[in-house]
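See below for the structure under consideration.
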Amino acid sequence: MAHEHKLAIFRGTLNFKNNVQKIWGVLIFLTVVTAIEVTLGITKPRILTHSYILGMKALNWIFIILTLVKAYYIAWDFMHLRDEKSSLRRAVVWTPIFLVAYLIFILLFEADYIYNVYKDGFITWDF
Amino acid sequence: MDTTVTTEMAEENVWGGGNRPLGASYGKLMMWFFLVSDALTFSGFLAAYGFSRFKFIETWPIADEVFTHVPFFHGNYPMIYVAFMTFILIMSSVTMVLAVDAGHKMKQNAVIWYMFLTIIGGAIFVGSQAWEWATFIKGDHGAVETKGGRILQFLDVETGERVALADFAKTIPDVRVEHDEPEGLWFESESFLPSFSMNEVEEGLMANPNIVIRTEAILQEGEMEGHKTVLTREQSLEKIKEGVEVVEGANLVHNEYGSRLFADFFFFITGFHGFHVFSGVMINIIIFFNVVLGTYERRGHYEMVEKVGLYWHFVDLVWVFVFTFFYLV
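Each protein sequence line maps, in turn, to chains A and B. Each step along the first sequence adds one to the number in this note's numbering, with nothing skipped, and position 28 is 28. Each step along the second sequence adds one to the number in this note's numbering, with nothing skipped, and position 327 is 327.
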């Protein structure tokens with residue numbers, strides 16, 4: 001059975017005195033991350049929209065990574081997965097990650113193929 | 001003190017059902033089962049959205065230009081309102097987790113207050129989403145749809161700002177009026193007639209030398225990379241001939257903001273998420289009254305609050321992804 005709350009976040013660099021304090025700490029962190037996302041979304045710095053990493057805009061990579069970071073803290077601290085057994089944690093987390101990664105891979109590849117068919121395949125779409 | 005609630009009443013032997021390898025009660029495990037399967041459903045929707053977007057990567061609407069309104073304020077504020085909605089939902093997640101925490105400590109009054117605040121937060125979010133839908137459906141500038149289903153929008157060539165149809169379309173007396181029920185022999189009426197006819201928009205474009213057309217195509221290179229293509233005056237006058245229909249606002253068939261699929265996915269995904277929030281608020285209200293009545297105080301633990309909390313956080317989690325893939329990326 002689970003015992004005490006685990007009160008450290010950021011791999012133990014930030015320790016809280018009690019659970020309520022940790023909740024507020026996580027809220028501040030999530031708010032900061034959201035604020036960064038919104039600011040970048042409005043300003044769209046040219047350096048980030050004009051450089052590409054692995055075929056995707058650097059800005060979009062930042063958005064996706066920050067989203068996963070937010071998802072991690074919501075699941076770990078709000079849904080208290082941090083306090084659950086690691087077997088439950090793994091069953092809950094890795095099942096969707098594995099399936100969704102596969103789904104995304106296959107759908108985006110297919111979509112890119114269709115895009116090329118529209119582009120080069122003598123199909124008129126702009127009329 | 002235990003951080004997760006235990007509902008087991010008697011110690012049983014391993015093969016008699018007493019063994020709990022995941023250290024969570026039946027109810028909580030079932031909630032996790034549901035959440036995982038629901039997560040896969042939402043992933044399916046978002047992956048389908050990605051599929052359609054990659055298919056039309058060069059013509060997809062730019063979210064910053066679609067969601068620019070804030071209630072009670074005029075002007076162009078991209079993202080601000082959605083950011084506010086996101087914050088509201090995260091905030092209500094926090095009050096929920098505080099309610100769960102208070103439940104562990106068996107503080108009935110604290111649970112009541114935190115549940116109450118969570119419900120208020122959820123209601124504000126659902127209300128905001130309804131407003132967002134209404135604004136999206138109503139549209140703002142209006143556009144023209146071509147025979148091939150492409151959208152042509154209008155710009156002022158001097159300011160570079162979008163121009164509403166009402167600002168330049170000519171008023172030509174026309175016999176075509178919206179067909180109302182009293183006019184019909186049988187009880188028929190038509191659903192919708194745009195405020196301007198195709199003819200009026202075309203005449204208006206010709207009469208106003210400062211209006212040009214903006215097409216859906218996103219420029220892939222050059223100084224304006226990432227922006228929509230703006231045609232010259234000559235090209236605009238040529239392009240307008242392809243127009244067949246005036247579009248105002250968005251629905252499942254027409255979308256003045258660009259690709260129709262964008263509107264379809266917007267309604268489908270935010271609608272499905274909004275439905276989850278609505279159900280969450282309803283379930284929270286039920287649990288709230290149970291807490292008020294002291295049901296869990298008598299039961300000796302607040303596991304129900306914890307379970308509904310899991311669902312509520314999940315709704316927040318989904319929104320984080322919807323926010324990213326619909327509004328940011």
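Quick reminder that beta carbons are idealized off the backbone N, C-alpha and C, glycines included.
Query raised in the report: Between residue 25 of chain A and the rest of its own chain, which residues show a CB-CB distance below 8 Å, the 5 nearest in sequence each way excluded?
Result: Within the first sequence, numbered from 1, the residue matching residue 25 of chain A stands at position 25. If we look at residue 25 of chain A and ignore the five residues flanking it on each side, its Cβ neighbours are 9, 14, 16.
Query raised in the report: residue 154 of chain B lies in the alpha helix (DSSP H); which residues open and close that run?
Result: Counting from 1 along the second sequence, the entry for residue 154 of chain B is found at position 154. Not the alpha helix (DSSP H): residue 154 of chain B falls in the beta strand (DSSP E), residues 151 to 156.
Query raised in the report: For residue 14 of chain A, which residues does DSSP report across the bridge?
Result: Position 14 of the first sequence, counted from the first residue, corresponds to residue 14 of chain A. The partner list for residue 14 of chain A (beta bridge, DSSP) reads A:9.
Query - Between the CA atoms of residue 124 of chain B and residue 112 of chain B - distance to the nearest angstrom - result: Within the second sequence, the letter at position 112 stands for residue 112 of chain B. Within the second sequence, the letter at position 124 stands for residue 124 of chain B. One C-alpha to the other measures close to 19 Å.
**Report entry** In DSSP terms, what residue 243 of chain B is bridged to
**Finding:** Within the second sequence, residue 243 of chain B is the residue found at index 243, counting from 1. Residue 243 of chain B is bridged to B:146.
Query raised in the report: What residues from chain A crowd round residue 307 of chain B, counting only those whose CB sits closer than 7 Å?
Result: As a first step, residue 307 of chain B is located in the second sequence; it is residue number 307 there, counting from the start. Per Cβ cutoff of 7 Å: no residues; residue 307 of chain B is ~11 Å from chain A at best.
**Report entry** N-terminal and C-terminal residue of the alpha helix (DSSP H) that residue 41 of chain B is part of
**Finding:** Translated into positions along the second sequence, residue 41 of chain B becomes position 41. It spans 26 to 55 - the alpha helix (DSSP H) in which residue 41 of chain B sits, taken as one unbroken run.
Requested in this report: Return helix, strand or coil for residue 250 of chain B, following the three-state DSSP convention.
Outcome: As a position in the second sequence, residue 250 of chain B is number 250, starting the count at 1. Three-state result, residue 250 of chain B: strand.
Query - Contact set between residue 101 of chain B and chain A, taken where Cβ atoms lie within less than 8 Å - result: Position 101 of the second sequence, counted from the start, is the residue given in the question as residue 101 of chain B. Those within 8 Å of residue 101 of chain B in chain A are 19, 20, 23.
Requested in this report: Assign residue 71 of chain B to one of two classes, buried (16 or more other C-beta atoms within 10 Å of its C-beta) or exposed (fewer than that).
Outcome: Locating residue 71 of chain B in the second sequence gives position 71, where the first residue counts as 1. Exposed, because fewer than 16 other Cβ atoms sit within 10 Å of the Cβ of residue 71 of chain B.
Report task. Express the C-alpha separation of residue 95 of chain B and residue 308 of chain B in angstroms, rounding to a whole number. Result -> Residue numbering aside, residue 308 of chain B sits at position 308 when the second sequence is read from its first letter. Residue numbering aside, residue 95 of chain B sits at position 95 when the second sequence is read from its first letter. So the two alpha carbons sit approximately 13 Å from each other.
Query raised in the report: Alpha carbon to alpha carbon, what distance is there between residue 170 of chain B and residue 249 of chain B?
Result: Taking the first residue of the second sequence as 1, we reach residue 249 of chain B at position 249. Taking the first residue of the second sequence as 1, we reach residue 170 of chain B at position 170. If you take the alpha carbons of residue 249 of chain B and residue 170 of chain B, they lie about 20 Å apart.
**Report entry** Burial state of residue 1 of chain B, where buried means 16 or more other Cβ atoms lie within 10 Å
**Finding:** For the purposes of this step, residue 1 of chain B is taken as the residue at position 1 of the second sequence. Unreliable positioning characterises residue 1 of chain B in this predicted model, as indicated by a pLDDT of 42, which lies under 50. A coordinate reading is not provided.
Requested in this report: For residue 225 of chain B, go through chain A and note every residue whose CB falls closer than 9 Å to its CB, in chain order.
Outcome: Along the second sequence, read from residue 1 onward, the residue named residue 225 of chain B stands at position 225. Result: 49, 50.
Query raised in the report: Which residues in the same chain as residue 68 of chain B place their Cβ atom closer than 7 Å to its Cβ, once the five residues preceding and following it in sequence are excluded?
Result: Counting from 1 along the second sequence, the entry for residue 68 of chain B is found at position 68. Excluding positions up to five away in sequence, the list reads 76, 77, 78.
Query raised in the report: In or out: residue 93 of chain B buried (at least 16 other Cβ within 10 Å) or exposed?
Result: For this step, residue 93 of chain B is matched to residue 93 along the second sequence. Buried, because 16 or more other Cβ atoms sit within 10 Å of the Cβ of residue 93 of chain B.
Query - Chain-ordered neighbours of residue 248 of chain B on chain A, where CB pairs are closer than 9 Å - result: The residue labelled residue 248 of chain B in the question sits at position 248 within the second sequence. Result: empty, since nearest Cβ-Cβ is about 22 Å, beyond 9 Å.
Query raised in the report: Do the CB positions of residue 165 of chain B and residue 201 of chain B come within less than 8 Å of each other?
Result: In the second sequence, counting from the first residue as 1, residue 165 of chain B sits at position 165. In the second sequence, counting from the first residue as 1, residue 201 of chain B sits at position 201. Taking 8 Å as the Cβ cut-off, residue 165 of chain B and residue 201 of chain B qualify as a contacting pair.
Query raised in the report: Of the residues that make up the stretch 67 to 93 of chain B, which ones have a beta carbon closer than 7 Å to any beta carbon in chain A?
Result: 78, 79, 83, 86, 87, 90, 93
Requested in this report: Report the option in B:305, B:297, B:268 whose CA atom is closest to the CA atom of residue 285 of chain B.
Outcome: The count along the second sequence starts at 1 and reaches residue 285 of chain B at position 285. Checked all of B:305, B:297, B:268; the closest Cα to residue 285 of chain B is B:305.
Requested in this report: Would you kindly work out how many angstroms separate the C-alpha atoms of residue 91 of chain B and residue 39 of chain B, rounded to a whole number?
Outcome: Indexing the second sequence from 1 puts residue 91 of chain B at position 91. Indexing the second sequence from 1 puts residue 39 of chain B at position 39. For residue 91 of chain B and residue 39 of chain B, the distance between alpha carbons rounds to 21 Å.
Report task. Give a yes or no on whether 8 Å exceeds the smallest Cβ distance from residue 159 of chain B to chain A. Result -> Counting from 1 along the second sequence, the entry for residue 159 of chain B is found at position 159. Taking Cβ atoms only, chain A never reaches closer than 8 Å to residue 159 of chain B, which makes this a no.
**Report entry** Reference residue 226 of chain B, options B:15, B:50, B:315, B:62, closest by Cα
**Finding:** Position 226 of the second sequence, counting from 1, holds the residue named residue 226 of chain B. It is B:62.
Report task. Consult DSSP for residue 127 of chain A and reduce its assignment to one of helix, strand or coil. Result -> What you label residue 127 of chain A is simply residue 127 of the first sequence in a count that begins at 1. Three-state DSSP puts residue 127 of chain A in coil, outside helix and strand.
Query raised in the report: Taking Cβ-Cβ distances shorter than 7 Å, what residues in chain A pair up with residue 21 of chain B?
Result: Mapped onto the second sequence, residue 21 of chain B falls at position 21. 87, listed in chain order.
Requested in this report: Could you say which of B:37, B:83, B:127 lies nearest to residue 277 of chain B if we only look at CA atoms?
Outcome: Position 277 of the second sequence, counted from the first residue, corresponds to residue 277 of chain B. Of the listed residues, the one whose Cα sits closest to residue 277 of chain B is B:127.
Report task. Let me know the secondary structure DSSP gives residue 114 of chain A once reduced to three states. Result -> Here residue 114 of chain A refers to the residue found at position 114 when the first sequence is read from its first residue. In the structure shown, residue 114 of chain A sits in a helix (DSSP, three-state: H, G or I).
Query - Host alpha helix (DSSP H) of residue 105 of chain B (start-end) - result: Counting from 1 along the second sequence, the entry for residue 105 of chain B is found at position 105. No alpha helix (DSSP H) contains residue 105 of chain B, which DSSP labels as neither H nor E.
**Report entry** Boundaries (first-last residue) of the beta strand (DSSP E) holding residue 228 of chain B
**Finding:** The residue given as residue 228 of chain B occupies position 228 in the second sequence. That run of the beta strand (DSSP E) goes 228 to 230.
Query raised in the report: On the three-pair Cβ rule with 8 Å, is the stretch 311 to 325 of chain B touching the stretch 136 to 144 of chain B?
Result: no
Report task. Give the DSSP bridge partners of residue 70 of chain B, in chain order. Result -> In the second sequence, the residue the question calls residue 70 of chain B occupies position 70. In the DSSP output, where bridge partners are listed per residue, residue 70 of chain B has B:73.
Query raised in the report: Helix or strand or just coil, what does DSSP make of residue 257 of chain B?
Result: For the purposes of this step, residue 257 of chain B is taken as residue 257 along the second sequence, with counting starting at 1. Residue state, collapsed to three classes: coil.
Query - DSSP three-state assignment for residue 86 of chain B, whether helix, strand or coil - result: Position 86 of the second sequence holds residue 86 of chain B. Reduced to three states, the DSSP call for residue 86 of chain B is helix.
Report task. Report the residue from B:317, B:328, B:329, B:327 whose alpha carbon sits nearest the alpha carbon of residue 43 of chain B. Result -> The sequence position of residue 43 of chain B within the second sequence is 43, counting from 1. Checked all of B:317, B:328, B:329, B:327; the closest Cα to residue 43 of chain B is B:317.
Query raised in the report: If contact means a Cβ-Cβ distance below 8 Å, which residues of the stretch 80 to 114 of chain A contact chain B?
Result: 80, 83, 84, 85, 87, 88, 91, 92, 95, 96, 99, 100, 103, 104, 107, 108, 110, 111, 112, 114
Report task. Would you tell me roughly how many angstroms separate the C-alpha atoms of residue 6 of chain A and residue 32 of chain B, rounded to the nearest one? Result -> Stepping through the first sequence from its first residue, residue 6 of chain A is reached at position 6. Stepping through the second sequence from its first residue, residue 32 of chain B is reached at position 32. Looking at the two C-alpha atoms, the distance is approximately 20 Å.
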